[in-house]
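Heads up: the sequence shown begins at 0 in numbering that gives the first Met the number 0, then just goes up one per residue. All C-beta atoms in this analysis are idealised placements derived from N, C-alpha and C, irrespective of residue type, glycine included. Computed from a predicted model, the values in this text were never measured in an experiment. Inspection log for the structure reproduced underneath, given as structure tokens.
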Amino acid sequence: MGTWGTGPFDNDQAGDFEDLLSGTDPSEREVLLRRTLSRPSADTIGDWEEAVAAAAVIAEQCPGGQRFSAPWRPPWYRPTPPLPLDLRPLAAAALVRIYNSETLAGSWSSTRLRDEWRINLARLHEALTEHSDQPQRQRGAHLGIPPQQAQPATSASGPRRR
């Protein structure tokens, strides 16, 4: 298992999830995404890597969300049909749990990588909530990232402790 950056698909676990999703019949992908995001104790690195990848797949269908697409897709990949809008708040809530987990934040090998990872989570969260009915102050405020920090972050190389 490995991690080569801070983006939603920059680790082996997310790649494996993308392969699983690709091999799942498109009509069944909603069930897989919902189950991945709804794990009650998603507190292990593997669980959160899959949940972040699932959130990115959902964000990909939001306006402007194409930037969250997996950088590669297997040849047999079939696009995910339009997903129900109620998956967006579920994905956003999973990202808040992940963002606020000190255990997961502490798994990064440097503060710089942890901060870039959190900025990427905030950008993903913003894409999921940007066109929701929630007031702006509720959408990203509880993540605790000042707006000037939530700029596009480049993927950074670096090992994460396992």
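Can you give me the C-alpha to C-alpha distance between residue i and residue j, rounded to a whole angstrom?
{"i": "A140", "j": "V95", "result": "Its pLDDT being 49, under 50, A140 is placed unreliably in this model, and the value from its coordinates should be taken loosely. About 11 Å."}
{"i": "D18", "j": "R28", "result": "12 Å"}
{"i": "D9", "j": "A55", "result": "12 Å"}
{"i": "R38", "j": "E49", "result": "11 Å"}
{"i": "P163", "j": "A104", "result": "The chain is shown only over 0 to 161; residue 163 falls outside these bounds and no answer can be derived."}
{"i": "R34", "j": "Q65", "result": "23 Å"}
{"i": "T51", "j": "R113", "result": "Checking the sequence shown, residue 51 turns out to be Val, not Thr. Answer to the nearest angstrom: the Cα atoms are 15 Å apart."}
{"i": "R117", "j": "I44", "result": "14 Å"}
{"i": "D15", "j": "G63", "result": "25 Å"}
{"i": "G1", "j": "P7", "result": "13 Å"}
{"i": "H130", "j": "D46", "result": "27 Å"}
Relative to the C-alpha of residue i, which candidate in the options has its C-alpha closest?
{"i": "A126", "options": "A69, L20, A90", "result": "A90"}
{"i": "L123", "options": "E59, L32, N99", "result": "E59"}
{"i": "P80", "options": "Y98, D46, C61", "result": "C61"}
{"i": "P166", "options": "A13, G22, T128, A93", "result": "In the structure as shown, the chain starts at 0 and stops at 161, and residue 166 therefore has no counterpart that could be examined."}
{"i": "L86", "options": "I57, W3, A121", "result": "I57"}
Could you please give the first and the last residue of the uninterrupted alpha helix (DSSP H) stretch that includes residue i?
{"i": "T35", "result": "28-36"}
{"i": "Q12", "result": "11-22"}
{"i": "P83", "result": "Where P83 is concerned, there is no enclosing alpha helix (DSSP H), given that its DSSP letter is neither H nor E."}
To the nearest whole angstrom, what separates the beta carbons of residue i and residue j, a pair I think is in contact under 8 Å?
{"i": "N119", "j": "T5", "result": "5 Å"}
- Query: Unbroken alpha helix (DSSP H) runs of length 4 or more, entirely within the stretch 38-78: which are they?
  - Reply: Taken in chain order, the whole alpha helix (DSSP H) runs of length 4 or more contained in the stretch 38-78 are 44-58.
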